[in-house]
Amino acid sequence: MSVATPWSADFAADLTTADPRIQRLIAAEETRNNGTVNLIASESYCPKATVEAEASILVNKNATGYPAERNVAGCQVINEIEELACARALALFGAEHANIQALSSTIANIAVLRGLLKQGDTILSLRESAGGHHSHGARYHVSGQDYKVVGFGVDEAVGAIDLEAVLKKARAERPAMIVAGSTAYPRAIDFKGLRRIADEVGALFFADIAHVAGLVVTGLHENPAPYADVVTTSTHKTFCGPRTGGLILSRKAHAAAVDDALFPGMQGAPGAHIIAGRAVLFDIVSRPGFKALMTRVLENAQHLAKAVLDTGIPLYLGGTDTHMVVADLRKLDVSEVALDRVLEEHNILCNRITLPIRDGDASRVGLRLGSNAMTIRGMDAEGLATAAQAIASIVRRPDRALDAGLAKRMRALGDAYPVPLGFLPQQAAAA
1 MSVATPWSAD FAADLTTADP RIQRLIAAEE TRNNGTVNLI ASESYCPKAT VEAEASILVN
61 KNATGYPAER NVAGCQVINE IEELACARAL ALFGAEHANI QALSSTIANI AVLRGLLKQG
121 DTILSLRESA GGHHSHGARY HVSGQDYKVV GFGVDEAVGA IDLEAVLKKA RAERPAMIVA
181 GSTAYPRAID FKGLRRIADE VGALFFADIA HVAGLVVTGL HENPAPYADV VTTSTHKTFC
241 GPRTGGLILS RKAHAAAVDD ALFPGMQGAP GAHIIAGRAV LFDIVSRPGF KALMTRVLEN
301 AQHLAKAVLD TGIPLYLGGT DTHMVVADLR KLDVSEVALD RVLEEHNILC NRITLPIRDG
361 DASRVGLRLG SNAMTIRGMD AEGLATAAQA IASIVRRPDR ALDAGLAKRM RALGDAYPVP
421 LGFLPQQAAA A
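Here the UniProt record's numbering is used: position 212 in the sequence shown is 212, and no number is missing along the way.
Shown next as C-alpha cells:
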C-alpha cells in the first residue's frame, strides 16, 4: 500500500508545479530558438524518441562498469540496452568494437590518447587554426599536455589538407599517432590517404568524425572505420542526437586498452538513460528517412556556400563537401569585433573562428556556418540566401550597429521555420 510521505507531493509534481520558474525559462528558450536563423554547425535537433528514452526511469539507474562486469546489482535490463546500442553502432560503421559510455566526445578523445599512447609520445594532428579541434593536442587543453604535438595544415590553393606536407612531417617526426578530425574544416577528409601515411611511419591512426558522423553512416562521406585504428564521434551535430555523450569505435586489438582508459581510468558510472537514447538514435539514423535528411543537408550547404560567394565574400578552402561553410573574412578589418555577438543581435547564430594567417590579410577571422539545424526546420535555398545577404550586410557595415529592421526580418525568417517536435505543450510555451 502506498503511504503518503512529506516528500510525496514534491516527487510527483510535474515541472510546471515543482519549478515554474525553470519551466518558464525552458519555454523562453524554445521561443528564442524559433526566432533565430540557427547556422551553428555543431547544432541540430534530435528525434523526439531519443528525448523520451533519456527522460525515462533509466535516469535513476547506477550501472558502474561494463555489461557482465557491473559493480552494482540490478543491471540486467541496462546490460541488454547497452549491448543493443553497441551492436547498432557496429552495424552502422562496420567496426569491430564499440564503447558507448563516454560522457562526451572530448572525454572519448582523451580516453583514446591515454589508452594507446605513452607520456611524451608524438601526435601529428590538424592545427586548430587550420580547422582542427582543441582536443587533438592544443597546448591549453589536457590532450596537449602529456604529449609532443606537431601540427599540419592545409593547402589553400588546392582547398584541402596537404597530404604531401603531412607525409613530410610524419617522416621527420615519426609520430606515435596521426589524428584526423576537425571543428572548422569544411572539406571531406581523405582517411585512406592518411592511413597510408600512418602505415609508412608506423603510427596509429585515429579519426574523430564528430562533425560528419551523420554523413558517414548514410554513405555521403568516406567511412574511416576500415582505415583507422580507432574512431570517435559525438552523437549530435550531423548525427542529430542529444548532446549527451561520445562513441568510441576501435579495432579489437585496442578495445581493452581504450575501455580501461575510460573506465575505471577516467569515469565512474555511465548514464543508463543516455545509453538508451543513443540506442534509439542509432536505429533511427539507419532508416532511409535519415539519408534523405543528410542529402538535403548537403544540398543546403551548397546553396549556402553559393549564397555567401554571391555576396562577394570568399570561402575558406573555396567551398564545402560537408554541412559546414566557412566564410573567409581575412580581407576585412574585423579582428576586434565580436562578430558572432553582433550577428546574434540580428537573430543570426553562427561561430567566429580563427583562420591561418597570410601576408596582406587584415585579420584572421572566419565565420563557421552550418546547414544542419535549418534543414531540419525546413529552410530552403531562398531562406539561406536571405540569411547570407544579411550576414554580408552586417559584417561590411563600418559601425556594425544594430539594424532593428534587419533584426526583425531575421526573427521573422526564423519564426517561419519553427523547431520541430517542440518539447513543451503549446500552453506552456505561451506561459
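Just so you know, even glycine gets a beta-carbon here, dropped at the ideal spot from N, CA and C.
Computed from a predicted model, the values in this text were never measured in an experiment.
Rounded to whole angstroms, what's the CA-CA distance from residue i to residue j? Just pull it up for me.
i: G360; j: D328; result: 14 angstroms
i: H303; j: L369; result: 12 angstroms
i: A430; j: G153; result: Caution applies to A430, whose pLDDT of 42 falls short of 50 and renders its modelled position unreliable; the value that the coordinates give is listed next. For A430 and G153, the distance between alpha carbons rounds to 49 angstroms.
i: R377; j: Q389; result: 20 angstroms
i: S250; j: H221; result: 19 angstroms
i: T36; j: Y140; result: 32 angstroms
i: I178; j: A198; result: 7 angstroms
i: A188; j: T320; result: 8 angstroms
i: E164; j: R330; result: 26 angstroms
i: residue 442; j: L103; result: Shown here, the chain extends from 1 to 431; a query on residue 442 therefore has no answer.
i: P425; j: F11; result: For P425, the predicted structure reports a pLDDT of 40, less than 50, and the residue's modelled location is therefore unreliable. The matter cannot be settled from this model.
i: P20; j: E30; result: 15 angstroms
i: R396; j: A338; result: 14 angstroms
i: I22; j: R32; result: 15 angstroms
i: P224; j: H254; result: 16 angstroms
i: I313; j: E344; result: 19 angstroms
i: S135; j: A111; result: 11 angstroms
i: N99; j: I357; result: 39 angstroms
i: A256; j: I161; result: 32 angstroms
i: G65; j: G271; result: 11 angstroms
i: K169; j: G241; result: 37 angstroms
i: K306; j: T183; result: 21 angstroms
i: A4; j: V77; result: 29 angstroms
i: V297; j: N372; result: 6 angstroms
i: A381; j: A13; result: 45 angstroms
i: M266; j: R409; result: 47 angstroms
i: G289; j: K237; result: 17 angstroms
Could you tell me the boundaries of the beta strand (DSSP E) in which residue i lies?
i: S250; result: 246 to 250
i: V334; result: V334 -> no beta strand (DSSP E), and no H or E assigned at all.
i: V365; result: 365 to 370
i: V179; result: 177 to 181
i: L39; result: No beta strand (DSSP E) holds L39; DSSP gives it neither H nor E.
i: F152; result: 148 to 152
Could you name the residues of the same chain whose beta carbon sits closer than 6 angstroms to that of residue i, not counting the 5 residues immediately before and after it, in chain order?
i: F239; result: A213, G214
i: A53; result: A276, G277, V280
i: Q427; result: Per-residue confidence for Q427 stands at a pLDDT of 36, beneath the threshold of 50, marking its modelled position as unreliable; no derived number is given.
i: M294; result: G214, L215, T218, L220
i: M324; result: A41, P186, G370
i: F423; result: Here the model assigns F423 a pLDDT of 44, short of 50, so the residue's position is not dependable and the matter cannot be decided.
i: Y417; result: R377, G378, M379
Since I believe residue j is in contact with residue i (beta carbons under 8 angstroms), could you give me their beta-carbon distance rounded to a whole number of angstroms?
i: V326; j: G366; result: 5 angstroms
i: G246; j: A108; result: 3 angstroms
i: H346; j: D415; result: That belief does not hold up - the Cβ atoms of H346 and D415 are roughly 14 angstroms apart, past 8 angstroms.
i: V230; j: F263; result: Wrong, their Cβ atoms sit about 16 angstroms apart, outside the cutoff.
i: A261; j: G115; result: 3 angstroms
i: A387; j: L413; result: 7 angstroms
i: N34; j: M374; result: Not confirmed; about 12 angstroms, so no contact.
Sorted by chain position, which residues of the same chain lie with C-beta nearer than 7 angstroms to residue i's C-beta, five sequence neighbours on each side aside?
i: K173; result: Note on identity: in this sequence residue 173 is Glu, with Lys being the wrong assignment. Excluding residues within five positions, the ones whose Cβ falls inside 7 angstroms are T122, L124, V150.
i: V342; result: I394, R400
i: N62; result: V72, A269
i: P420; result: Y45, I376, R377
i: V59; result: H273
i: D146; result: Q119
i: F282; result: A85, R88, A89, L92
i: S234; result: S105, A210, G246
i: L15; result: I22, Q23
Between which two residues does the alpha helix (DSSP H) harbouring residue i extend?
i: T295; result: 288 to 310
i: F11; result: 8 to 12
i: T17; result: 15 to 18
i: residue 445; result: The displayed coordinates of the chain run from 1 to 431. Any statement about residue 445 would go beyond what the structure contains.
i: R409; result: 404 to 415
i: I313; result: Run containing I313: none; DSSP gives neither H nor E here.
i: I357; result: Run containing I357: none; DSSP gives neither H nor E here.
i: S125; result: Looking at the DSSP string, S125 is not in any alpha helix (DSSP H); the run it does join, the beta strand (DSSP E), is 122 to 126.
i: H273; result: 272 to 284
i: L167; result: 163 to 173
i: G383; result: 381 to 396
i: V342; result: 339 to 345
I'd like the list of long-range same chain contacts for residue i, defined as Cβ closer than 8 angstroms, with 5 residues on each side in sequence excluded.
i: L309; result: L315
i: G74; result: K61
i: K252; result: E96, H97
i: R364; result: S129, R330, S335, T354, L355, P356, I357
i: L406; result: H346, A390, S393, I394
Whole alpha helix (DSSP H) runs in the stretch 185 to 231 with 4 or more residues, listed along the chain?
-> Taking 4 residues as the minimum length, the alpha helix (DSSP H) runs contained wholly in the stretch 185 to 231 are 191 to 201, 213 to 217, in order along the chain.
Any beta strand (DSSP E) of 3 or more consecutive residues that is wholly inside the stretch 58 to 113 | 97 to 99, all fully within the stretch 58 to 113.
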